[in-house]
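Heads up, the thing below is written out as structure tokens.
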Amino acid sequence: MTRILVFYPSNLRTVQLETTILAMHRRGVEVELLTTCERGPLHEFLDGERVATHAHPLSQRSSLLYYARQILHLVRFSRERGFTAIYSNLQHANFIAVFAQYLISARVVVFRHHFKFILPVDDIPLRPNRMEQRFDRVINRLARTTVVPSSGVYEGMRAVERADMSRVVVLPYIYDFDRYARPDAEAVAAIRSRFPARLTLLMSGRLIPFKRHAVVFPVVRDLVREGMDLRMLVLGDGPERRALEEFIVAHRLEDRIVMLGFRPDVIDYMAASDLLIHPSLTEASSSVVKEMALVGKTAMVCEGVGDFGEYMQHERNGFVVPRATDGLEIEAILRQVYASPEDLGRLGTSLRASVLGRFSLSAESVNRYLGLAGVPAQGGKRPARLPYQ
32 MTRILVFYPS NLRTVQLETT ILAMHRRGVE VELLTTCERG PLHEFLDGER VATHAHPLSQ
92 RSSLLYYARQ ILHLVRFSRE RGFTAIYSNL QHANFIAVFA QYLISARVVV FRHHFKFILP
152 VDDIPLRPNR MEQRFDRVIN RLARTTVVPS SGVYEGMRAV ERADMSRVVV LPYIYDFDRY
212 ARPDAEAVAA IRSRFPARLT LLMSGRLIPF KRHAVVFPVV RDLVREGMDL RMLVLGDGPE
272 RRALEEFIVA HRLEDRIVML GFRPDVIDYM AASDLLIHPS LTEASSSVVK EMALVGKTAM
332 VCEGVGDFGE YMQHERNGFV VPRATDGLEI EAILRQVYAS PEDLGRLGTS LRASVLGRFS
392 LSAESVNRYL GLAGVPAQGG KRPARLPYQ
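The structure is reproduced here in structure tokens:
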């Protein structure tokens with residue numbers, strides 16, 4: 032019997048992770064969850080689906096003693112439960128797992144979900160966190176199999192981190208899109224009534240430099256000064272919030288750029304908006320763009336980031352701007368869609384079809400995830416090594 036442990040540092044729910052766990056569970060594989068934090072909504076949901084969940088929270092997450100204790104716990108836990116494979120997710124858990132793998136028989140597979148690459152040719156005044164880079168170097172060196180969700184992460188690991196790419200596999204995320212919430216029509220109408228505009232823009236994500244709100248805000252300021260009836264709704268929070276709010280006040284944009292913080296009804300704000308502006312440089316495989324597509328809306332993204340190049344087509348289902356944009360390309364596109372906002376509906380419909388076609392749950396996609404643990408594909412054939420796609 033194949034037994035897989037999903038090792039994870041968070042207790043928050045995500046459709047992508049839950050889809051993968053439940054798909055393997057329903058295939059007859061014994062799947063369990065272990066987190067390095069306390070129990071929470073993710074544990075409660077999986078418990079209800081009869082997936083065993085566990086938690087091992089410790090204080091002082093940055094200390095060497097903390098990592099040593101988590102490594103030893105993972106080793107003991109794996110030996111006691113007799114896991115065939117451990118699917119470790121996110122940098123924090125991956126760092127623990129790559130050291131534990133030397134003391135256990137289970138096959139350890141690390142899943143990398145982040146993208147923060149500034150290429151040598153990029154003219155972008157941002158630098159990734161040095162501590163995060165050190166963790167990535169250790170994980171790259173020790174991991175026997177690393178799974179990434181997109182060609183963008185694969186190419187960044189090759190070009191910037193000089194990782195051993197023979198141990199890296201590209202495997203797109205899978206989603207049970209039926210599990211996403213649907214917009215509330217009354218709530219959407221209320222948002223539109225509260226924030227009326229000819230063109231309603233949306234930014235959604237953590238307020239950090241790599242999301243590049245600081246590039247977009249001046250563009251909106253300049254277009255509003257010209258008399259364009261624009262409004263931008265900003266969802267999320269983070270260390271850049273104070274500076275962004277000061278920019279809004281300094282340029283008297285309180286009525287045109289609205290900071291809303293984190294909200295549980297994100298899907299309603301997406302449905303009430305016309306276009307997502309998302310020049311982020313941290314996307315391994317963006318969830319917010321997929322969610323926007325599900326409500327039939329489109330987005331503006333950066334080329335060469337994550338998997339956008341695999342399903343985003345400029346002016347066919349969305350808009351793609353250079354990674355190093357200083358805002359000029361964003362401004363040109365906003366002028367274009369402001370003149371013909373009716374075109375956005377066609378692009379949103381096309382993007383929805385692209386997202387559903389590439390990321391929907393299927394028997395083949397589940398086979399590929401289980402193949403990492405050596406499970407024969409449905410139908411009896413043993414899967415070949417997954418290629419770079």
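Taking the numbering used here, I'd label the letters of the sequence shown as residues 32 to 420.
A virtual CB, placed ideally from N, CA and C, is assigned to each residue, including glycine.
Small disclaimer: the values here were computed from a predicted structure and weren't measured.
1. Based on the DSSP secondary-structure assignment, which residues constitute the bridge partners of PHE248?
2. If you run the structure through DSSP and keep just helix, strand and coil, what is ARG399?
3. Whole angstroms are fine: how far does the CA of TYR369 sit from the CA of LEU95?
4. So is ASN160 buried or exposed if we call it buried at 16+ other beta carbons inside 10 Å?
5. Would THR115 and VAL140 qualify as a contact pair, given that the criterion is a beta-carbon distance under 8 Å?
6. Where in the region 44-72 do unbroken runs of the beta strand (DSSP E), each at least 3 residues long, occur, reported from the N-terminal end onward?
7. Could you round the C-beta distance between VAL397 and MET55 to whole angstroms and report it? I think they count as a contact, below 8 Å.
8. Between CYS68 and SER41, how many whole angstroms is the CB-CB distance? I'm expecting something under 8 Å.
9. Roughly how far, in whole angstroms, is the beta-carbon of VAL219 from the beta-carbon of ASP299, given that I think they are within contact range, below 8 Å?
10. In chain order, what residues of the same chain lie with their CB nearer than 8 Å to the CB of VAL276, ignoring the 5 residues before and after it?
11. Assign ASN120 to one of three DSSP states: helix, strand, or coil.
12. For GLU464 versus ASP153, is the C-beta distance shorter than 8 Å?
13. Quick check: what's the CA-CA separation for LEU306 versus LEU254?
14. What residues are listed by DSSP as bridge partners for LEU307?
15. If you drop the 5 nearest sequence neighbours on each side, which residues of the same chain put their C-beta closer than 7 Å to that of ILE222?
16. Which residue's Cα is closest to the Cα of ILE35: LEU232, SER119 and TYR98?
17. Does the Cβ of MET188 have 16 or more other Cβ atoms within 10 Å, making it buried, or fewer, making it exposed?
According to the structure data:
1. What you label residue 248 is simply residue 217 of the sequence shown in a count that begins at 1. Per DSSP, none; premise fails for PHE248.
2. The residue given as residue 399 occupies position 368 in the sequence shown. Three-state result, ARG399: helix.
3. For the purposes of this step, residue 95 is taken as the residue at position 64 of the sequence shown. For the purposes of this step, residue 369 is taken as the residue at position 338 of the sequence shown. Whole-angstrom Cα-Cα distance: 54 Å.
4. Working through the sequence shown from its first residue, we reach residue 160 at position 129. If you draw a 10 Å sphere on the C-beta of ASN160, you find fewer than 16 other C-beta atoms in it, and that means exposed.
5. Residue 115 sits at position 84 when you count from the first residue of the sequence shown. Residue 140 sits at position 109 when you count from the first residue of the sequence shown. No, Cβ-Cβ distance for THR115 and VAL140 is not below 8 Å.
6. Fully enclosed beta strand (DSSP E) runs of 3 or longer: 61-66.
7. On the sequence shown, position 366 is the one that residue 397 refers to. On the sequence shown, position 24 is the one that residue 55 refers to. Confirmed, Cβ separation roughly 7 Å.
8. Translated into positions along the sequence shown, residue 68 becomes position 37. Translated into positions along the sequence shown, residue 41 becomes position 10. So it is a contact: roughly 6 Å between Cβ atoms.
9. Locating residue 219 in the sequence shown gives position 188, counting from the first residue. Locating residue 299 in the sequence shown gives position 268, counting from the first residue. Between VAL219 and ASP299 the beta-carbon gap is near 5 Å, inside 8 Å, which marks them as a contact.
10. Translated into the one-based positions of the sequence shown, residue 276 becomes position 245. Reading the sequence as shown, one finds Glu at residue 276 and not Val. Excluding residues within five positions, the ones whose Cβ falls inside 8 Å are MET290.
11. Reading the sequence shown from its first residue, position 89 is the one you call residue 120. In the structure shown, ASN120 adopts extended strand secondary structure according to DSSP, grouped into three states.
12. This structure does not reach residue 464, given that the chain is present from 32 up to 420, and the question cannot be answered.
13. Start at 1 with the first residue of the sequence shown, and residue 306 comes out as number 275. Start at 1 with the first residue of the sequence shown, and residue 254 comes out as number 223. Put simply, the backbone Cα of LEU306 is about 16 Å away from that of LEU254.
14. As a first step, residue 307 is located in the sequence shown; it is residue number 276 there, counting from the start. According to DSSP, which records beta bridges pairwise, LEU307 is partnered with LEU233 and ALA330.
15. Along the sequence shown, one-based indexing puts residue 222 at 191. Counting only Cβ-Cβ distances below 7 Å, and skipping sequence neighbours, we find ASP299, TYR300 and ALA303.
16. As a first step, residue 35 must be located in the sequence shown, where it is residue number 4. The shortest Cα separation from ILE35 among LEU232, SER119 and TYR98 belongs to SER119.
17. Your numbering for residue 188 matches position 157 in the sequence shown. MET188 counts as buried, since at least 16 other C-beta atoms from the protein chains shown sit within 10 angstroms of its C-beta.
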